[in-house]
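*Asks:* Next up is a structure, given as structure tokens.
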Amino acid sequence: MSTEPDLDALEAMDDETFRLTVRQWIEANYPPELRNPPKRLHWRENRVWYMRLAARGWLAPGWPREHGGMGLAAARQLIMLEEQERHGCARTNDHGIILVGPLLIRYGTPEQKAFFLPRILSGEHVWCQGYSEPNAGSDLASLRTSAVADGPDWVVNGQKIWTTLANDANWIFLLVRTDKTAKKQEGISFLLVPMDSPGITVRPIVNLDLHDEFCEVFFDNVRVPRTYTVGEINRGWSMAKALLGFERIFLGSPKQSAYALGRLRLLAERMGVWDEPLFRDRYTALRLDLEDLKCLHARFVEIVRRGDTLGPDVSMLKVIQTELFQKITDAMLDIAGEHAGLLEPMEGNRELAPGALFIQARPSTIYGGSNEIQRNIIAKAVLDLP
Amino acid sequence: MSTEPDLDALEAMDDETFRLTVRQWIEANYPPELRNPPKRLHWRENRVWYMRLAARGWLAPGWPREHGGMGLAAARQLIMLEEQERHGCARTNDHGIILVGPLLIRYGTPEQKAFFLPRILSGEHVWCQGYSEPNAGSDLASLRTSAVADGPDWVVNGQKIWTTLANDANWIFLLVRTDKTAKKQEGISFLLVPMDSPGITVRPIVNLDLHDEFCEVFFDNVRVPRTYTVGEINRGWSMAKALLGFERIFLGSPKQSAYALGRLRLLAERMGVWDEPLFRDRYTALRLDLEDLKCLHARFVEIVRRGDTLGPDVSMLKVIQTELFQKITDAMLDIAGEHAGLLEPMEGNRELAPGALFIQARPSTIYGGSNEIQRNIIAKAVLDLP
Amino acid sequence: MTSDADLDESLRLIRDSARGIATPGDTRRIRALRFSTTGFDRDTWCQICAMGWPGLRVPEAAGGSELSMRAYVALAEVLGEGLVAEPLIPAAIAAHVLRGPGLASLLGGETIVIPAWQESANTLGVGLATSVGTRANGQKCFVPLAAGGDMFLVAGQGGLALVAADAPGVRIERQPTQDGGHFGTVTFSDAPAEPVAGALEPALEEATLATAAMLLGVMERAFTLTLDYLRTREQFGRKIGSFQALQHRAADLSMQIALTRASVEAAAASIDAGSPQSRAAVSRAKARASQAAMMVTREAIQLHGGIGYTDEYDIGLYLRRAMVLANSFGGAATHRARFAMLAVEEDA
Amino acid sequence: MTSDADLDESLRLIRDSARGIATPGDTRRIRALRFSTTGFDRDTWCQICAMGWPGLRVPEAAGGSELSMRAYVALAEVLGEGLVAEPLIPAAIAAHVLRGPGLASLLGGETIVIPAWQESANTLGVGLATSVGTRANGQKCFVPLAAGGDMFLVAGQGGLALVAADAPGVRIERQPTQDGGHFGTVTFSDAPAEPVAGALEPALEEATLATAAMLLGVMERAFTLTLDYLRTREQFGRKIGSFQALQHRAADLSMQIALTRASVEAAAASIDAGSPQSRAAVSRAKARASQAAMMVTREAIQLHGGIGYTDEYDIGLYLRRAMVLANSFGGAATHRARFAMLAVEEDA
């Protein structure tokens, strides 16, 4: 490890050297049995990779260096994404990295930063996100899970749903209603809650891919110290919106589509259509979509790196990426013939699983604020339509 | 002429013989100089063809025989359409045939039928349709042109717009507001008005295709005898709706798309892409769309022939046809290269005019109730959405 | 010749009786069968045989009910709505070819005969690497619900032959499908076979169209469920079905369904009329149905939002069935290509 | 090397000065020029030359202003917004190649030089059926605004040569274009020519990208007009921009515009960096711009409803310009194919 370049040395490299350095390290360190997993991995499976990234100091490419991140420029963050995608690396339990970290760096108290950030980077805290509720999925502002002040604590009651990998997490960041009399988007606060608090029950939901990636989380008189509030009480909405920006930039990352496009090519080769003009034109169109998405994504990443605030137009990124991801898996079904209907990968090859990937692409346009909601946001907040 | 088969003989033929009979007659009688006109023709140009159809008794394939129509079954009406399309016949000034005739057959008084129907069939009356207004285009119910009773007459004031070929017509059928106190869709009546009535001014509008197919029509204290009201006063809305059904079935006729698809093929041959797999697949997809549209169209034509009422689902036909028409002209632009930007037909060949046809396809999704309105109708009246 | 009214009445009757097996909206039976060994239920199969459906297109003289292709597609549509798992279409292919005691045993429900003709994906014709005669040798793939068959009707070089599923030299490998059924890869190693006269092709045409009709049923039911959801679910204090963007998308789906119905029924009429264009019409219908069913079921998930992605909610069952049927007997691209080829012949 | 901030400032300056010529929203000048013989205005051309734009990419040593490709696309975008009719992109191609007095006369506005390189539609390379040297023989087509040129820079077998438009043996046939300009089919019959050293290809790459940027400007302005219309026009008692179906379509258009901008600017940066991938990036940008511009301007007409189909309303001008530019220097399909070819080389 001692011979590996430090952050300064990495920064001084040209793009190509940086890329090769990242590639070599991934190839040497990524657990081979986790390549191209057919489903989202649980912590028990992907922990080993998380800890290797942590040990190398590469867990948080976008965080400032002072907080233990890599402080990389947008183009460099993209290279890291591309190399992970190229090698077929699994997504980790990364809510702490993508969402909680940036939130606390911006809005946390010095004590909160000092306590939580290192524990995210060490893998001690595994986070999940408690936003959606049964009647407030895309309509976040109507959430009903409540927190009532009682002495030094909040007492939380209610239910969250579609909580990704809540069954893996030991912390949850939660939007709760702290003032029932306020208007819809006011009176909402942001809490950090240990998942082992008495009164929390987690029920996994079986998805269409027959996997338990999402959960319901029930809160029954859960006591949460008031020091675990982030930012001002009743002003959680604006922070949640800022966080949504980070989430959207992540959901808009080209990694998912790039992964799928690679699999589409393999499938086309296996099905014998790779050299057919008809397929090749469709593939090329998808590849152009991907390359343009990368250009657009880089612009938003650059805004974050400069420390500027993301505008509502980041919603575009989420829509474009998730719909491209789906279009790629649509193309898979169209060329796979009868294999499209199979439950398992073809010929035992995880990289040839058109049906499974098609199904896994479905929720991307629903979660993280449905694409319908994103289009509403674009129309009203970006285009200023009435 | 005396050797040509009469209606009974036509009806007794099998489909193939009927088709050939129609084809031969068209080939023998259609003015060659009018084949595949690049623009909608004016009465001065297409009158000759109208009169030949009239003389043969083939002007109104869908009208009952007792009123001078052919009373053809749906499949036979389609064959007539197909053969006209195949030969490149121009659309005539057909509002009398498609709209006024069916309206009067259903709602007219015996006197109105006896007066108007023969004059449509003889070409003495050339009709146009006064529906849209500057602030009531797709929102017909908010029309403001008014008719006030005054002795034996109505006095009409207001303005119509997008009146197709009003500059050719000697009669206009008009929706007017006869009760200003009634709710939006009530208080509307249906009038038949001679275009030479004092107080009518016609102003042609130059279109995007630099042609004057549409007009504005101004009414300044125009007196109309009350006997020219169709159906009950203040109940024009329901008749207009019935008429919209006829219009939609006409706008949904596959003829326009079939014509365009034929031109697409010619263009592809000229551009040397007809045998390219990429083009051929696209062409095939469009052809499949056209064939399925024909099947759907036939179902609606059959409803009319049986004398049943068209449901609101006829809006589907209009949407499908006009959007297919546009998709076909989109394909033209994609293969025509630099020719796509030309104002005139390629090489002086009227059948190779991709840019012009592309532009002519634009308004089809706007007129006759925009496709947005048609989708609203489908959602609410067919699918029963709130 | 029956009149239009008679035909309408007979179609109504067959639809009604089909709904007796395929209760709309009740997926309990279907869910219980998912991912089971055979993927379907033998008792239900016997009911289906008692209704005479496998012999729907078999001449009365041979023991069938000799109904029209229009009747077959009406039936298949309702079975699609109900997600019925039993292998009617495969058995109807076999019934189309078999005669005598073999047919009687199939129609009576005693023997389930599954045709095995395919040797690779995306193909429409009989694979000829397998040889059949008094012995069968070779490998067939994508054999529907193979593990539930008593006999295979194997098509290959040498024509057709019946092979018992439990005969020596027959090996069945199950590959579970998204809809809870399976395909079998069936290997014949010098397996004893009984030659059968006839050809599979006309029966495959009918099976293709019946599959299109089944897809029509699948998409219609998925759409109905979606409309119900849009009419009742509230967000932002309004029924979500009142949002115009969703209304317009629902309108688009309804147009695809209308086109599919028109196309499928026209193709059936074309077969009934013995038209030379019927093969082109079948390809057209299957291309439309495969494409439209994927579009409708995919959008149905999206319009349901999060709940649509749970396995416990029914809407996903329709997507998964569509994924299997859309690519059975040729997917959209395969039939578009066949249509283009037939159209060239026709234009020539 | 300039810093990011310097670059941003220089782009802002060039945009501002471009808006002096291309007044946003004022189409009177453009309308007056439509379908005129030359299709553009010589006085405006002189102003353009006074700004130094034809020599934007010419080295300072040769008399140009040696600005970046990013500056060129910023300029082209604004000219696209303003539907500017003058032949900047053709002249910039010529300026890229010419040197000495010929270049000076071009940059000074005295001589308008129009390149003539194409011999058939849908082609990206120089046509070689024309021979050039001290005489030119052959036929070039799709020569932009040919009737307004003083000289043609003819590319063919033998390299490049200048031919005066009024030289003997030069015949120009005007074909009016939808946007009010024209293409020329120019026939050279033993016309006197002056050979010119150099190659057109690098200049054609830049012209392709500049055309993409111009399309970006066209679609942006068309979209702005459409948003204005949606915000003000009322139907059914509401602003039509409040209808969600229209909102979502506007959102879709805005995403295409955002992708085009990202693609065009990335391609310009790639040329500025001298990247070996810049040709692929140019094809990507042109494919996106051509497709997006057609989509945006087509939808702009639809969202305007009836009034959008009248010639007197401005929105149609943008559609017509897009129809011409989308297919100039290669349409979407042509550039998709070139990208695929370059990608294969890159992957190999």
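Chains A, B, C and D, in that order, are what the protein sequence lines are.
Each residue of the first sequence is one higher than the last, beginning at -15 in our numbering.
Each residue of the second sequence is one higher than the last, beginning at -15 in our numbering.
Each residue of the third sequence is one higher than the last, beginning at 266 in our numbering.
Each residue of the fourth sequence is one higher than the last, beginning at 266 in our numbering.
Heads up, the beta-carbon is just placed ideally off N, CA and C, and yes, glycines get one too.
Computed from a predicted model, the values in this text were never measured in an experiment.
Does the Cβ of D:V609 have 16 or more other Cβ atoms within 10 Å, making it buried, or fewer, making it exposed?
*Replies:* If you number the fourth sequence from 1, residue 609 of chain D lands on position 344. Exposed: under 16 other Cβ atoms inside 10 Å.
*Asks:* Going by the DSSP bridge assignment, what does D:P352 pair with across the sheet?
*Replies:* Counting from 1 along the fourth sequence, the entry for residue 352 of chain D is found at position 87. Paired residues: none, contrary to the question.
*Asks:* Along chain A, which residues have their Cβ under 7 Å away from the Cβ of C:D576?
*Replies:* To locate residue 576 of chain C, count along the third sequence from 1; it is residue 311. V190, N191, L192 and L194, listed in chain order.
*Asks:* Work out the CA separation of A:A363 and A:A(-4) for me, nearest whole Å.
*Replies:* Taking the first residue of the first sequence as 1, we reach residue -4 of chain A at position 12. Taking the first residue of the first sequence as 1, we reach residue 363 of chain A at position 379. Computed Cα separation, rounded: 42 Å.
*Asks:* By DSSP, does A:N355 sit in helix, in strand, or in coil?
*Replies:* Start at 1 with the first residue of the first sequence, and residue 355 of chain A comes out as number 371. Correct three-state label for A:N355: helix.
*Asks:* I'd like the span of the beta strand (DSSP E) that includes A:N141, first residue to last.
*Replies:* Here residue 141 of chain A corresponds to residue number 157 of the first sequence, with the count starting at 1. First-last of the beta strand (DSSP E) with A:N141: D137 to T148.
*Asks:* Within the chosen definition, does the stretch 296 to 315 of chain B reach the stretch 332 to 345 of chain B through at least 3 CB pairs nearer than 8 Å?
*Replies:* The answer is yes - the stretch 332 to 345 of chain B touches the stretch 296 to 315 of chain B, with three or more Cβ pairs under 8 Å.
*Asks:* For the pair the stretch 400 to 415 of chain C and the stretch 471 to 480 of chain C, tell me if three or more CB-CB distances fall below 8 Å.
*Replies:* Flag = no, the stretch 400 to 415 of chain C and the stretch 471 to 480 of chain C do not touch.
*Asks:* Against A:L262, what residues of chain B qualify as contacts under a CB-to-CB distance less than 7 Å, listed in chain order?
*Replies:* Taking the first sequence and counting its residues from 1, one reaches residue 262 of chain A at position 278. Result: P261, L262 and D265.
*Asks:* Note the first and the last residue of the continuous beta strand (DSSP E) segment covering D:A287.
*Replies:* Locating residue 287 of chain D in the fourth sequence gives position 22, where the first residue counts as 1. Looking at the DSSP string, D:A287 is not in any beta strand (DSSP E), and its letter there is neither H nor E.
*Asks:* So is B:R271 in contact with chain C if we call contact Cβ pairs under 8 Å?
*Replies:* What you label residue 271 of chain B is simply residue 287 of the second sequence in a count that begins at 1. Yes, because at least one Cβ of chain C sits closer than 8 Å to the Cβ of B:R271.
*Asks:* For a cutoff of 8 Å on Cβ pairs, would you count C:F604 as touching chain B?
*Replies:* As a working mapping, residue 604 of chain C is identified with position 339 in the third sequence. Interface residue, yes.
*Asks:* Along the stretch 489 to 509 of chain D, what residues have a CB closer than 7 Å to any CB found in chain C?
*Replies:* The residues in question are F508 and Q509.
*Asks:* List the residues of chain A whose Cβ lies closer than 9 Å to the Cβ of C:A597, in chain order.
*Replies:* The residue given as residue 597 of chain C occupies position 332 in the third sequence. Per Cβ cutoff of 9 Å: D318.
*Asks:* Using a C-beta cutoff of 8 Å, does A:I89 count as contacting chain D?
*Replies:* Indexing the first sequence from 1 puts residue 89 of chain A at position 105. Judged by the 8 Å Cβ criterion, A:I89 is not in contact with chain D.
*Asks:* Can you give me the Cβ contacts of D:Q422 inside the same chain, cut-off strictly under 6 Å, excluding the 5 residues immediately before and after it?
*Replies:* Locating residue 422 of chain D in the fourth sequence gives position 157, where the first residue counts as 1. Here the set comprises L393 and S396.
*Asks:* Chain D partners of B:L326, CB-CB under 8 Å?
*Replies:* Translated into positions along the second sequence, residue 326 of chain B becomes position 342. Within chain D, the residues near B:L326 are Q440, P441, T442, Q443 and F448.
*Asks:* What residues match up with D:D401 in a beta bridge as DSSP calls it?
*Replies:* To locate residue 401 of chain D, count along the fourth sequence from 1; it is residue 136. The sequence given here places Ala at residue 401 of chain D; Asp does not occur at that position. In DSSP, D:A401 forms a bridge with D:A456.
*Asks:* What residues in its chain sit with their C-beta under 8 Å from that of A:N218, if we drop five residues either side in the sequence?
*Replies:* The residue labelled residue 218 of chain A in the question sits at position 234 within the first sequence. Correct list, in chain order: T162, D163, A166, E170, G171, I172 and S173.
*Asks:* Quick one: Cα of C:G581 to Cα of A:E307, how far?
*Replies:* Counting from one through the third sequence, the residue named residue 581 of chain C turns up at place 316. Counting from one through the first sequence, the residue named residue 307 of chain A turns up at place 323. Distance between the alpha carbons of C:G581 and A:E307: 19 Å.
*Asks:* Which residues of chain D have a Cβ atom closer than 7 Å to the Cβ of B:P370, listed in chain order?
*Replies:* Counted from its first residue, the second sequence places residue 370 of chain B at position 386. Near B:P370 there are no residues of chain D at all, since even the closest Cβ is about 14 Å away, more than 7 Å.
*Asks:* Could you tell me whether any Cβ in chain A is nearer than 8 Å to the Cβ of D:S626?
*Replies:* Here chain D comprises residues numbered 266 to 613, so residue 626 of chain D is not present and cannot be evaluated.
*Asks:* Using CA coordinates, which residue listed in B:Q358, B:W47, B:R128 and B:V257 is at the minimum distance from B:Q305?
*Replies:* As a position in the second sequence, residue 305 of chain B is number 321, starting the count at 1. The residue with the shortest Cα to Cα distance from B:Q305 is B:Q358.
*Asks:* Is B:W146 close to chain D, meaning its C-beta is less than 8 Å from at least one C-beta of that chain?
*Replies:* Taking the second sequence and counting its residues from 1, the one referred to as residue 146 of chain B is at position 162. So yes, B:W146 belongs to the interface.
*Asks:* Run through DSSP, which three-state label would D:A420 get?
*Replies:* Taking the first residue of the fourth sequence as 1, we reach residue 420 of chain D at position 155. D:A420: strand per DSSP, three-state reduction.
*Asks:* Select from C:A401, C:Q512 and C:T476 the residue whose C-alpha is nearest the C-alpha of C:R549.
*Replies:* As a first step, residue 549 of chain C must be located in the third sequence, where it is residue number 284. Measuring from the Cα of C:R549, the nearest candidate turns out to be C:T476.
*Asks:* Below 8 Å between beta carbons: does that hold for D:R553 and A:T268?
*Replies:* Against the fourth sequence, residue 553 of chain D aligns to sequence position 288. Against the first sequence, residue 268 of chain A aligns to sequence position 284. No. Outside cutoff.
*Asks:* How many angstroms separate the CA atom of A:R75 from the CA atom of A:G236?
*Replies:* For the purposes of this step, residue 75 of chain A is taken as the residue at position 91 of the first sequence. For the purposes of this step, residue 236 of chain A is taken as the residue at position 252 of the first sequence. If I take the Cα positions, the gap works out to 14 Å.
*Asks:* Rounded to the nearest angstrom, what separates B:N77 and B:E335 at their Cα positions?
*Replies:* One-based indexing of the second sequence puts residue 77 of chain B at position 93. One-based indexing of the second sequence puts residue 335 of chain B at position 351. Distance between the alpha carbons of B:N77 and B:E335 is about 22 Å.
*Asks:* Could you tell me which residues DSSP puts in a beta bridge with B:A120?
*Replies:* Locating residue 120 of chain B in the second sequence gives position 136, counting from the first residue. B:A120 is bridged to B:E117.
*Asks:* According to DSSP, C:V408 sits in a beta bridge with which residue or residues?
*Replies:* Numbered from its first residue, the third sequence carries residue 408 of chain C at position 143. DSSP, once it has assigned bridges, lists C:G449 as partnering C:V408.
*Asks:* Taking only beta-carbon positions, decide if A:G142 is within less than 8 Å of chain C.
*Replies:* Here residue 142 of chain A refers to the residue found at position 158 of the first sequence. Not one chain C Cβ lies under 8 Å of A:G142.
*Asks:* Would you mind giving the Cβ-Cβ distance between D:L568 and D:L495, rounded to the nearest angstrom? I have them listed as a contact below 8 Å.
*Replies:* Residue mapping note: residue 568 of chain D aligns to position 303 of the fourth sequence, counting from 1. Residue mapping note: residue 495 of chain D aligns to position 230 of the fourth sequence, counting from 1. Going by Cβ atoms, the distance from D:L568 to D:L495 rounds to 6 Å, so yes, they are a contact pair.
*Asks:* If you measure between the beta carbons of A:R60 and A:F2, is that distance less than 8 Å?
*Replies:* Here residue 60 of chain A refers to the residue found at position 76 of the first sequence. Here residue 2 of chain A refers to the residue found at position 18 of the first sequence. Yes, these two residues count as a Cβ contact at 8 Å.
*Asks:* Assess contact between the stretch 66 to 74 of chain A and the stretch 15 to 24 of chain A, defined as three or more Cβ pairs (one per stretch) separated by less than 8 Å. Is contact present?
*Replies:* With the cut-off at 8 Å, the stretch 66 to 74 of chain A and the stretch 15 to 24 of chain A touch.
*Asks:* Considering just the uninterrupted stretch of the alpha helix (DSSP H) at C:A557, what are its terminal residues?
*Replies:* Stepping through the third sequence from its first residue, residue 557 of chain C is reached at position 292. Run containing C:A557: S543 to H569, per the alpha helix (DSSP H) assignment.
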